[in-house]
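Undergrad: So for the sequence shown, the numbering used here puts the first residue at 60; every next one is plus one. Built from N, CA and C at the ideal position, the CB exists for glycine as well. Structure incoming, see below.
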Amino acid sequence: MMERREFTPVFRPSDERPPAVPSLLEQTLKSFLRLRTLLALGAAFQTLLFATLPSTLALLPVLLLTIHSVVTTLAHLQFPNESPYFESIIPGRTTALIPSWYSTGFTTQGSLNRLVVFHLVVGVNHPLGVLSQAGREVGKAMEGLWEVMNTKGEEFGIVGWSKWDGMDTAEKGGKMMVVAYFRTGEGLERFGACEAHRRAVEVLERVRGESGRGVVSVVHEVFEVAPGRWAVVGVDSEPCLLGGGACRVMDDKGGWVWMRTLARDEGPEKGLMGMLGR
């Protein structure tokens, strides 16, 4: 029998939907602007300043940026915990659970819900990545898909999802991956039949036909996990993956609120196998 544990929500229920996943464009621009690209842009800008301004004024931006970098580096060395990277960190041990439709709390018996995990990887194998014609079309189609997952996810039983990109890990193109969690396989099938997904498939097939094989890569993975056969352990981590999800549930007054899936695990410390009862 699965051990009873104490799980308390990290976040209070909210009438408003929690913040959505950052846009594809925002993450893409951050990933596409590699160090050498930034250096080239900086050099071009500095050359323009020297060509249009006196030398003293042209050097001012470089001096200000250098001073800012030195001061920021020293501050991070002296006060590492003040870094903006810590702002979203939830201290301590956490887990992720799926609340029932009619409760703003969590069961004391852990992962009693069936879970369907969906992985989608889309790669643009082009030197210009998302700035190529194929990349722009695929990116636009994916944005439509993400928008549906953000705004209509509850219609398909989407509990939570995270978007990851690996555009700074290779010299060509880039890849993005989505990990989504559904309550049921039927919900995943409805998502696959929605207009946004059908449009994304049509765009991928058309781009593949026009640009040739190998320009766009797509990988799907689906795992259906039985109740009690999955577990989440987080330590000093930010909300992500299943822990970054949210569900609409009914509160004590009969109204619908948003319940985040992240919970504090206050039971005896265990690893993943221990939480699975093995």
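#1: When we look at the beta-carbon of Thr106 and count the other beta-carbons within 10 Å, is it buried (16 or more) or exposed?
#2: Figure out for me which residue from Ala155, His185 and Val181 has the closest Cα to the Cα of Asn172.
#3: I'd like the span of the beta strand (DSSP E) that includes Val281, first residue to last.
#4: State buried or exposed for Val294, treating a residue as buried only when at least 16 other CB atoms are found within 10 Å of its CB.
#5: Please state whether DSSP places Leu321 in a helix, a strand or coil.
#6: For the structure I just gave you, are there three or more beta carbon pairs, one from the region 192-208 and one from the region 243-257, closer than 8 Å?
#7: Quick check on the DSSP output: the alpha helix (DSSP H) that includes Ile126 runs from which residue to which?
#8: Give the secondary structure of Gly268 by DSSP, where H, G and I count as helix, E and B as strand, and everything else as coil.
#9: Does DSSP put Ala252 in a helix, in a strand, or in coil?
#10: Under 7 Å, do Glu213 and Arg307 count as touching if we go by C-beta distance?
#11: Taking C-beta to C-beta, are Gly219 and Gly273 nearer than 7 Å?
#12: Less than 8 Å between C-beta atoms, sequence neighbours within five positions excluded: which residues of the same chain meet that for Val266?
#13: For Arg242, count neighbouring Cβ atoms within 10 angstroms of its own Cβ and tell me buried if that reaches 16, exposed if not.
#14: Where Trp223 and Gly182 are concerned, what is the direct C-alpha to C-alpha distance, given to the nearest angstrom?
#15: How big is the Cα-Cα spacing for Leu97 and Phe104?
#16: Can you tell me which of Gly101, Phe177, Pro143 and Leu124 puts its alpha carbon nearest to the alpha carbon of Phe250?
#17: Sorted by chain position, which residues of the same chain lie with C-beta nearer than 8 Å to Gly246's C-beta, five sequence neighbours on each side aside?
#18: Just to confirm, are Trp317 and Met309 a CB contact at a threshold of 7 Å?
TA: Reading from the atomic positions:
#1: Here residue 106 is taken as the residue at index 47 of the sequence shown, counted from 1. Per the 10 Å Cβ criterion, exposed.
#2: The count along the sequence shown starts at 1 and reaches residue 172 at position 113. Asn172 has its Cα closest to that of Ala155, out of Ala155, His185 and Val181.
#3: Here residue 281 is taken as the residue at index 222 of the sequence shown, counted from 1. First-last of the beta strand (DSSP E) with Val281: Val275 to Val284.
#4: Stepping through the sequence shown from its first residue, residue 294 is reached at position 235. Per the 10 Å Cβ criterion, exposed.
#5: By 1-based counting over the sequence shown, the position of residue 321 is 262. Three-state DSSP puts Leu321 in a strand.
#6: yes
#7: Residue mapping note: residue 126 aligns to position 67 of the sequence shown, counting from 1. That run of the alpha helix (DSSP H) goes Ser114 to Gln137.
#8: For the purposes of this step, residue 268 is identified with residue 209 of the sequence shown, where counting begins at 1. Three-state result, Gly268: helix.
#9: As a working mapping, residue 252 is identified with position 193 in the sequence shown. Of the three classes helix, strand and coil, the one that applies to Ala252 here is helix, per DSSP.
#10: Within the sequence shown, the letter at position 154 stands for residue 213. Within the sequence shown, the letter at position 248 stands for residue 307. Contact: yes.
#11: Start at 1 with the first residue of the sequence shown, and residue 219 comes out as number 160. Start at 1 with the first residue of the sequence shown, and residue 273 comes out as number 214. Contact flag unset, no.
#12: In the sequence shown, the residue the question calls residue 266 occupies position 207. If we look at Val266 and ignore the five residues flanking it on each side, its Cβ neighbours are Ala193, Glu196, Val197, Val274 and Val275.
#13: By 1-based counting over the sequence shown, the position of residue 242 is 183. It is buried - the Cβ of Arg242 has at least 16 other Cβ atoms within 10 Å.
#14: Counted from its first residue, the sequence shown places residue 223 at position 164. Counted from its first residue, the sequence shown places residue 182 at position 123. Cα to Cα, the separation comes out at about 12 Å.
#15: Residue mapping note: residue 97 aligns to position 38 of the sequence shown, counting from 1. Residue mapping note: residue 104 aligns to position 45 of the sequence shown, counting from 1. Straight-line Cα distance between these residues: approximately 11 Å.
#16: Translated into positions along the sequence shown, residue 250 becomes position 191. Taking only the C-alpha atoms, the option nearest Phe250 is Phe177.
#17: Position 187 of the sequence shown, counted from the first residue, corresponds to residue 246. Excluding residues within five positions, the ones whose Cβ falls inside 8 Å are Val175, Phe215, Gly216 and Ile217.
#18: For the purposes of this step, residue 317 is taken as the residue at position 258 of the sequence shown. For the purposes of this step, residue 309 is taken as the residue at position 250 of the sequence shown. It is not a contact, given that the beta carbons lie outside the stated cut-off.
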